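4 protein chains.
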Amino acid sequence: MTSFPEVRIAILGASGYSGADLVRLLALHPAARIVALTGERQAGKSMGEVFPHLGGLDLPVLTKIDDVEWSQVDVAFCALPHGTTQAVVKAIPSNVKIVDISADFRLTDAASYAEWYGHEHQATALQAEAVYGLTEHKRAAIRNARLIANPGCYPTSAQLPLVPLLRAGLIDPDEIIIDAKSGVTGAGREAKQDSLYSEVSEGVHAYGVARHRHAPEIEQELGIAAGRDLNIVFTPHLMPMSRGILSTIYVKLTAGHSATDLRRTLVETYADEPFVRVTPEGAGPSTRHVRGSNMALIGVFADRVPGRAILVSVIDNLVKGASGQAIQNMNVMLQIPETTGLSQIAMFP
Amino acid sequence: MTSFPEVRIAILGASGYSGADLVRLLALHPAARIVALTGERQAGKSMGEVFPHLGGLDLPVLTKIDDVEWSQVDVAFCALPHGTTQAVVKAIPSNVKIVDISADFRLTDAASYAEWYGHEHQATALQAEAVYGLTEHKRAAIRNARLIANPGCYPTSAQLPLVPLLRAGLIDPDEIIIDAKSGVTGAGREAKQDSLYSEVSEGVHAYGVARHRHAPEIEQELGIAAGRDLNIVFTPHLMPMSRGILSTIYVKLTAGHSATDLRRTLVETYADEPFVRVTPEGAGPSTRHVRGSNMALIGVFADRVPGRAILVSVIDNLVKGASGQAIQNMNVMLQIPETTGLSQIAMFP
Amino acid sequence: MTSFPEVRIAILGASGYSGADLVRLLALHPAARIVALTGERQAGKSMGEVFPHLGGLDLPVLTKIDDVEWSQVDVAFCALPHGTTQAVVKAIPSNVKIVDISADFRLTDAASYAEWYGHEHQATALQAEAVYGLTEHKRAAIRNARLIANPGCYPTSAQLPLVPLLRAGLIDPDEIIIDAKSGVTGAGREAKQDSLYSEVSEGVHAYGVARHRHAPEIEQELGIAAGRDLNIVFTPHLMPMSRGILSTIYVKLTAGHSATDLRRTLVETYADEPFVRVTPEGAGPSTRHVRGSNMALIGVFADRVPGRAILVSVIDNLVKGASGQAIQNMNVMLQIPETTGLSQIAMFP
Amino acid sequence: MTSFPEVRIAILGASGYSGADLVRLLALHPAARIVALTGERQAGKSMGEVFPHLGGLDLPVLTKIDDVEWSQVDVAFCALPHGTTQAVVKAIPSNVKIVDISADFRLTDAASYAEWYGHEHQATALQAEAVYGLTEHKRAAIRNARLIANPGCYPTSAQLPLVPLLRAGLIDPDEIIIDAKSGVTGAGREAKQDSLYSEVSEGVHAYGVARHRHAPEIEQELGIAAGRDLNIVFTPHLMPMSRGILSTIYVKLTAGHSATDLRRTLVETYADEPFVRVTPEGAGPSTRHVRGSNMALIGVFADRVPGRAILVSVIDNLVKGASGQAIQNMNVMLQIPETTGLSQIAMFP
């Protein structure tokens with residue numbers, strides 16, 4: 001059914017939501033064969049016991065990381081908790097390519113990492129080597145990388161609209177406000193009171209106001225696009241929904257530019273991209289329009305206030321914001337056509 | 001990418017949820033090419049305007065049914081409102097194969113149709129010809145059919161566990177109680193106060209108690225399986241969820257039989273079926289485990305009350321309960337491998 | 001503002017949902033003054049820290065149970081985890097009246113308790129003394145009780161329709177099937193994976209099939225009403241909603257009786273009850289119609305199958321199924337008018 | 001039970017969500033007696049048929065507006081669709097006090113009204129007379145008013161934090177960005193596809209970007225507070241929840257001021273207010289904390305970006321954003337203690 005060489009895949013941390021979504025997507029990837037699934041506390045169980053929706057698939061039993069036979073693995077996806085990946089990755093043989101979904105290798109600056117994550121980085125050499133994997137904007141580097149730092153979900157939704165506009169000098173780098181709304185899967189599958197159904201349903205609140213760890217990641221990458229350091233205002237909100245991120249982004253236009261220029265730049269930038277689309281004028285995107293798919297949608301609106309525009313960006317946090325982009329990055333690394341295994345249409349309703 | 005001959009497809013009533021899910025699934029079907037989409041009130045619009053999540057696909061513009069060029073069509077899916085299909089189908093050229101998702105051709109008895117739908121059937125010849133398309137149990141007839149009456153969502157969830165048990169004489173045909181729970185998409189996309197978010201969220205209620213139109217459909221088919229007429233108790237409930245049906249079915253065992261016999265019979269019946277699975281002992285299915293997929297899961301439990309068992313059956317009402325089973329039936333009719341285009345893994349969460 | 005003598009109240013286990021709802025309701029009770037709130041792990045915190053929606057009230061700080069000054073307490077509500085109450089209650093001075101929301105004193109038979117709860121009861125004398133507090137049917141005993149075993153949420157929703165029908169001999173005691181649907185607060189506020197938003201939203205499943213601890217409680221009380229032992233079929237389902245229980249109850253009529261007789265008996269039984277109402281013919285109740293209130297609604301339907309009827313019963317599991325009925329019982333014990341503090345209208349939507 | 005003189009109340013437009021919530025709250029108001037309920041299309045029905053959760057109350061049958069006996073009415077609440085109130089209000093006898101929940105009398109400028117609502121105002125004299133009823137900031141005028149323009153839900157949530165800060169000159173009037181998130185009841189109970197459960201659940205989107213009618217209302221009132229005209233950036237979002245509005249407000253501090261100054265000013269302004277509370281430092285409010293109550297909560301946060309702060313404001317859109325504030329205003333007009341009938345504690349979960 002496929003002419004690709006088989007890719008043998010290990011998923012480390014397969015018992016979380018990102019791990020499950022990697023399996024969901026890779027099961028339809030013609031080149032992928034999952035040879036190892038790990039879950040330290042679930043070792044010995046079948047994937048169907050941990051995630052019954054995957055119960056019909058022919059999958060390896062969950063093991064501990066120490067029991068992975070690395071000689072049988074071509075690519076490892078790391079979906080481990082933040083802070084734990086760096087030690088694990090150091091121990092993986094160097095011929096195994098790695099896409100890390102955690103935050104461990106996203107910040108390039110060791111001091112910044114230490115400040116935001118509360119401990120020194122334990123694999124600074126790898127930190128320096130890792131390629132930040134916002135696929136649409138980093139393809140050349142990804143192609144030659146061994147270790148990909150897969151972007152965070154909030155940062156992906158923020159960068160896709162902002163990077164081209166900053167590069168083109170169309171917006172003021174010092175006046176960017178990102179009001180982001182996320183589904184609950186962003187908090188993982190761990191049992192936490194704050195993620196209980198009755199704590200989340202039928203309401204909304206902001207969290208981590210002015211102190212969310214995705215802010216420095218966004219600033220790092222937008223700074224590269226702008227050609228200089230910048231600060232953003234970033235407020236995440238928890239929404240009563242499982243999947244999806246919507247970022248409403250308030251920007252000021254630089255002199256002589258209009259929202260039409262923003263739209264044109266984004267349309268041109270993403271004209272040939274399979275996974276990014278600018279919505280038609282007047283039509284804003286909804287997270288429902290990308291649920292389960294690797295798509296990102298971007299809406300562009302002129303504001304009533306002169307000199308201002310509003311961008312609305314949506315992704316599925318588990319797909320383009322995690323597992324989907326990770327597979328997209330694997331495809332690029334392995335020079336498999338980039339959309340392979342990612343053709344899922346969004347599921348609505 | 002495929003060796004199948006191309007199948008040119010028209011979807012009548014594409015502006016509803018079943019129509020949209022047909023598109024979602026057929027977009028990944030290697031043999032299918034959608035050549036016509038109809039929506040009487042939406043004619044002239046693009047599918048992306050009506051369903052933005054489908055906005056990235058290359059699809060024909062919506063037209064009126066009268067504007068379909070039937071010479072270009074091999075298969076028509078009818079996802080029209082109940083009662084309107086029969087007139088439409090009469091006018092379709094006889095070489096076009098038809099899968100009707102509405103209820104128009106499900107009841108074989110004209111008098112029963114008139115009683116439950118409030119008007120005489122307008123295409124009784126076709127009604128007689130139509131094949132009831134519960135794929136797993138009607139393959140021989142489907143293979144030779146021109147017109148398939150695709151089963152209702154509730155009836156599909158009820159028949160999959162019950163038909164084999166009645167055939168095997170393991171349960172009392174006069175003591176079947178089906179307590180069914182459905183997602184809101186079962187009520188369609190029409191604007192109705194009863195389907196508003198604030199009327200549905202965070203609560204549950206029964207509806208159509210003792211008078212739902214799916215009861216005679218279930219009785220017709222279970223009667224065939226039992227070899228005699230029977231009555232069922234059937235109560236549908238509206239759930240705060242978009243997709244999914246769960247049927248909790250209470251049965252009495254016939255003399256000398258146990259829940260273990262029920263389990264064994266269902267496991268054997270469905271051992272080679274790609275879309276029906278019996279869950280492991282002690283593990284009940286959830287609608288979340290089949291969301292977006294064509295799978296049906298069945299749980300079997302011995303009751304504390306001697307001589308009784310409880311069956312729990314789940315499907316996605318829009319997939320195995322409508323669009324997915326319709327494509328499965330098309331595949332059988334056209335002798336395409338039955339799982340083609342239906343490999344979607346359930347999306348959880 | 002009130003002519004009642006002040007009642008000094010301690011709430012043990014105030015950091016759970018039932019505790020919070022006791023506070024919500026008692027805050028508007030003209031005779032109640034909350035003098036102690038306990039939460040072993042939250043001791044030292046204000047109630048507003050634990051439940052911000054109560055942050056505006058003037059409430060005592062949370063303490064450990066050992067720090068309650070019992071001389072200042074007239075009534076204690078116990079909203080502690082099952083199994084822990086019995087030891088606590090033994091230590092409470094005998095002049096303090098107690099309403100226990102846990103299951104510890106509901107089963108009157110010590111052997112049955114041991115079988116279903118996995119350990120011997122530690123306060124069998126109190127177990128014998130406790131009065132089962134289904135208010136509408138136990139007023140005389142409640143009035144003279146010191147210790148009330150507040151009924152479980154499922155049992156309350158099942159007994160209100162069934163007790164009068166069994167007493168009147170209108171239904172067959174051996175053919176009762178209760179299909180119950182509960183909101184997630186029934187599982188408490190403890191962090192559990194099964195109660196996470198993403199595990200519960202947008203789906204439904206049965207749990208504890210044929211082995212839920214509320215079954216023996218229901219059987220005990222229905223047996224009293226029927227005048228003999230009986231077994232029920234009982235299947236609970238977890239719903240994507242925070243509050244509410246709906247029980248769909250399938251019954252067989254005894255010879256010579258009809259659904260009209262059931263309706264008449266229930267209407268007459270509850271004609272003067274402030275908190276139980278039979279819905280009009282043809283109109284089924286929804287959990288949304290009682291959300292936040294102490295009301296129970298009962299719908300009665302003749303089935304299509306001769307000799308059968310269907311009852312639909314709804315309550316708010318946290319109010320009539322826990323805190324509200326507890327306050328109702330306190331009012332009866334103290335001979336305060338029974339509706340005092342319970343006048344909250346259901347909140348819809 | 002009360003020493004207040006009885007107030008005879010008519011609710012015009014009682015078949016919508018605001019009407020129902022007026023009934024829910026007024027049922028517990030010791031001075032209120034509801035003597036008329038209108039609903040043009042529902043005339044002749046009981047309130048219990050239209051809203052079963054109110055079925056247990058003793059209420060007048062719904063009539064047409066023309067059938068209200070105005071001689072029996074002291075106060076009319078108008079919960080009619082926007083644009084229809086002005087004609088109705090003109091016909092009400094002048095001794096009847098009116099609280100209008102629609103938008104008809106909120107804009108004081110006739111030209112602005114015509115621009116945003118698409119037609120000339122039909123009662124400009126009343127428009128000039130109407131008092132804008134943000135209770136906490138307009139008490140003196142409300143006390144002497146006959147006609148109150150009850151503030152919109154978004155404007156209430158925006159003004160409560162912003163009015164004191166603009167008055168005190170602590171924030172830049174030209175740099176206010178309001179990112180607002182609303183529950184679905186804000187769209188009313190009318191059957192609209194956009195409000196269907198399956199269109200709203202499990203997702204989020206912005207709507208009315210840069211063209212929502214609440215923007216001029218907010219600008220009018222903030223302009224008064226600032227002492228000069230201003231423009232705001234305002235983006236509403238539709239949330240998968242029934243009740244609640246959360247406004248995240250981004251502001252720039254004027255020279256020499258800090259977020260601490262904002263907090264102090266808000267705490268002082270609302271120190272004696274029963275319905276407005278500033279949340280403790282570091283703790284943001286959730287819409288869940290005010291659900292069903294008349295409370296507004298305000299969180300204040302210093303931003304990481306120097307010179308910036310973030311305010312988070314929550315209300316229940318149907319209570320403080322509509323029916324609750326309407327009753328609060330009636331109390332002020334009639335010199336009844338302001339909290340009368342509004343003591344409902346928020347219901348969580």
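Protein sequence lines, in the order shown, are assigned to chains A, B, C and D.
Residue numbers for the first sequence follow our numbering, beginning at 1 and rising by one.
Residue numbers for the second sequence follow our numbering, beginning at 1 and rising by one.
Residue numbers for the third sequence follow our numbering, beginning at 1 and rising by one.
Residue numbers for the fourth sequence follow our numbering, beginning at 1 and rising by one.
The beta-carbon is built from N, C-alpha and C at its ideal position, and this holds for glycine as well.
Computed from a predicted model, the values in this text were never measured in an experiment.
Contact of C/Gly284 with chain B is assigned, a C-beta pair being separated by under 7 Å.
Between A/Val278 and A/Ile310, the C-beta spacing is not below 7 Å.
The residues Ala31 and Arg33, in chain order, have a CB closer than 7 Å to that of A/Glu6 in the same chain once the five nearest residues on each side in sequence are set aside.
Counting only residues of its own chain and dropping the five nearest sequence neighbours on each side, A/Ala130 has a CB closer than 6 Å to the CB of Phe105, Leu147 and Ala149. What C/Lys320 touches in chain B, judged by beta-carbon distance under 7 Å, is nothing: the nearest beta carbon there is about 15 Å away. Of all residues in the stretch 182-198 of chain B, those with a C-beta nearer than 7 Å to a C-beta of chain D are Val184, Thr185, Arg189, Ala191, Lys192, Gln193, Ser195, Leu196, Tyr197 and Ser198, reading in chain order. For the pair C/Val68 and C/Ala36, the CB atoms are nearer than the 7 Å cut-off.
The alpha-carbon of B/Leu126 is positioned some 12 Å away from that of B/Val99. Burial of D/Ser198 is indicated by the presence of at least 16 other C-beta atoms within 10 angstroms of its C-beta.
Non-local C-beta neighbours of A/Tyr132 in its own chain, meaning closer than 7 Å and more than five positions away in sequence, comprise Arg106, Lys138, Ala149, Pro151 and Glu221, ordered along the chain.
Between D/Ala296 and D/Val276, the C-beta gap is smaller than 7 Å, which places the two residues in contact.
About 5 Å separates the Cβ atoms of B/Ile65 and B/Thr38, confirming a contact at the 8 Å cut-off. Among the CB atoms of chain A, one or more fall inside 7 Å of the CB of B/Met347.
D/Leu22 sits close to D/Ile11, with the two beta carbons spaced by under 7 Å.
At a beta-carbon threshold of 9 Å, the residues of chain C lying near D/Glu202 are Ser201 and Glu202, ordered along the chain. Annotation for C/Ser182: the continuous beta strand (DSSP E) segment containing it runs Ile177 to Ser182. Between C/His289 and D/Pro52, the beta carbon gap of about 5 Å places them in contact (Cβ cut-off 8 Å). At a cut-off of 7 Å, the C-beta of B/Ala140 has no neighbouring C-beta in chain C.
At least one CB of chain B lies nearer than 7 Å to the CB of D/Ser242.
A distance of 7 Å or more separates the beta carbons of C/Leu318 and C/Thr156. The C-beta of A/Asn150 comes no closer than 7 Å to any C-beta of chain D. Assignment of A/Ser247 by DSSP, reduced to helix, strand and coil, places it in the strand class. Residue pairing of B/Pro236 in beta bridges, as defined by DSSP: B/Ala180. Between B/Ala180 and B/Pro236 the beta-carbon gap is near 5 Å, inside 8 Å, which marks them as a contact. Taking a 10 Å sphere around the C-beta of B/His121, we find 16 or more other C-beta atoms and assign the residue as buried. By the criterion of a C-beta distance shorter than 7 Å, A/Ala346 is surrounded in its chain by His289, Val290, Arg291, Gly292, Ser293 and Met295, once the five residues flanking it on both sides are discounted. Our two residues, B/Ala226 and B/Ile177, have alpha carbons roughly 15 Å apart in a direct line. B/Gly169 is not bridged by DSSP to any residue. In this structure, D/Ile171 sits away from D/Val267, with a CB-CB distance that is not shorter than 7 Å.
Residues of chain A whose Cβ lies closer than 7 Å to the Cβ of B/Pro337 do not exist, since the nearest Cβ in that chain is about 11 Å away.
Residue nearest to B/Ile9 within the set B/Gln344, B/Ile327 and B/Leu342 is B/Ile327 (criterion: CA-CA distance).
Close CB contacts of D/Ala43 within its chain, under the 7 Å cut and outside five residues either way in sequence, are with Leu62, Thr63 and Lys64 (chain order). About 14 Å separates the CB atoms of D/Phe348 and C/Ala14; that is not less than 8 Å, and the two are not in contact.
The residues Arg8 and Val35, in chain order, have a CB closer than 7 Å to that of C/Gln72 in the same chain once the five nearest residues on each side in sequence are set aside. Excluding residues up to 5 positions away in sequence, Val131 lie with their Cβ nearer than 6 Å to the Cβ of B/Ala141 in the same chain. Within the stretch 290-302 of chain D, the residues whose Cβ lies closer than 9 Å to any Cβ of chain A are, in chain order, Arg291, Gly299, Phe301 and Ala302.
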